[in-house]
Structures are given as structure tokens and as C-alpha cells.
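Before any comments, here is the structure.
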Amino acid sequence: MPKKHSTTEDGHINDDKRRFQRVSVLWSGEYADDQGAEQKCVIFDISVNGVCAKFDQTLEIGTQFILKIAGGFQLLTEVVWSRGRTVGLRFSDSPDKMASIMAGVLPSKCLEFA
Numbered sequence: 106m107p108k109k110h111s112t113t114e115d116g117h118i119n120d121d122k123r124r125f126q127r128v129s130v131l132w133s134g135e136y137a138d139d140q141g142a143e144q145k146c147v148i149f150d151i152s153v154n155g156v157c158a159k160f161d162q163t164l165e166i167g168t169q170f171i172l173k174i175a176g177g178f179q180l181l182t183e184v185v186w187s188r189g190r191t192v193g194l195r196f197s198d199s200p201d202k203m204a205s206i207m208a209g210v211l212p213s214k215c216l217e218f219a
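Following the numbering used here, the numbering of the sequence shown begins with 106 at its first residue and continues without gaps.
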């Protein structure tokens with residue numbers, strides 16, 4: 106049987122069988138581009154596996170950088186999908202490590218996974 110999913114307003118898929126629970130947020134973030142200039146972004150959702158964020162510019166799939174999230178987190182990420190300026194970033198650290206790092210920030214439902 107195919108997975109059940111719906112599409113959100115910004116075009117990414119809500120999958121009812123996600124391994125990592127996401128939570129909607131509205132956080133600011135930033136990173137340094139290839140020239141070292143600070144670029145801002147808005148983070149829309151987060152899980153222990155990654156984030157969905159919108160940037161001022163398009164980013165290519167496979168691009169890696171350190172994402173700085175308000176609250177002092179600096180997380181190595183990789184672009185895994187891109188729809189214009191909205192991208193999916195996967196954390197380089199394991200979900201287990203991210204759960205321990207973000208335990209005080211994410212709700213418990215996001216920290217429990219198989």
C-alpha cells in the first residue's frame with residue numbers, strides 16, 4: 106500500500122509515516138556562504154534529523170554548511186532537497202546525538218523515535 110501523504114501550502118510533503126517527528130517553529134538562523142558572508146534564513150520545522158528553512162537565495166542539493174540557530178546551536182547540515190529558496194537540511198550528526206543536544210528545546214514527541 107502506498108504511503109499516505111498530503112502536500113503543505115509551501116509544497117513539501119507531510120508523510121504520515123515519518124520516522125522522526127517534526128514540530129513547526131518560526132526560528133531565525135544564519136550561515137556563512139562560500140565567500141564568508143553571513144546569510145539569514147527562517148526555519149519552519151525541525152526534527153532530530155533536520156529542518157525545513159527558507160533562504161534569501163537558492164542552494165544546491167549537496168551543499169554543506171554550519172547552520173546557526175537562535176539559542177546558540179551550531180549544526181553541520183547538508184541540503185537534501187530544494188524547491189526554490191525553500192530547502193530541506195539534514196543534520197550531519199546522528200538523530201540520537203541531535204536528540205541529546207536539543208533535549209531542552211524540542212518537545213518530547215520529537216525525541217522519541219524507533
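Note that CB positions come from ideal geometry on N, CA and C, so glycine has one too.
Cα-Cα separation between residue i and residue j, rounded to whole angstroms
i	j	result
Phe-149	Leu-194	11 angstroms
Gly-155	Gln-140	24 angstroms
Leu-164	Asp-138	10 angstroms
Ser-129	Ala-208	16 angstroms
His-117	Arg-190	Note that His-117 has pLDDT 47, beneath the 50 cutoff, so the model's placement of it is unreliable and the number below is only indicative. Distance between the alpha carbons of His-117 and Arg-190: 12 angstroms.
Ala-204	Glu-217	8 angstroms
Ser-197	Asp-161	23 angstroms
Arg-124	Leu-181	21 angstroms
Ser-213	Ala-175	20 angstroms
Boundaries of the alpha helix (DSSP H) in which residue i is found, first to last residue
i	result
Ala-204	200-206
Ser-213	213-216
Residues sharing a beta bridge with residue i, DSSP
i	result
Phe-196	Thr-182
Asp-150	Ser-129, Cys-157
Leu-172	Leu-180
Gln-144	Tyr-136
Arg-188	Thr-191
Residue nearest to residue i in terms of C-alpha spacing, selected from the options
i	options	result
Val-153	Gly-209, Arg-127, Gly-134, Glu-183	Arg-127
Phe-178	Ser-133, Asp-138, Thr-163, Arg-188	Ser-133
Glu-183	Ile-174, Asp-161, Gly-167	Gly-167
Trp-186	Ala-175, Gln-169, Ile-174	Gln-169
Beta strand (DSSP E) segment containing residue i, residue limits
i	result
Gly-134	128-137
Test: residue i CB closer than 7 angstroms to a CB of chain D
i	result
Ile-166	The chain inventory of the structure shown lacks chain D, comprising one protein chain alone.
Rounded Cβ spacing between residue i and residue j (contact assumed at less than 8 angstroms)
i	j	result
Ala-142	Val-192	18 angstroms between Cβ atoms; not a contact.
Val-147	Leu-131	7 angstroms
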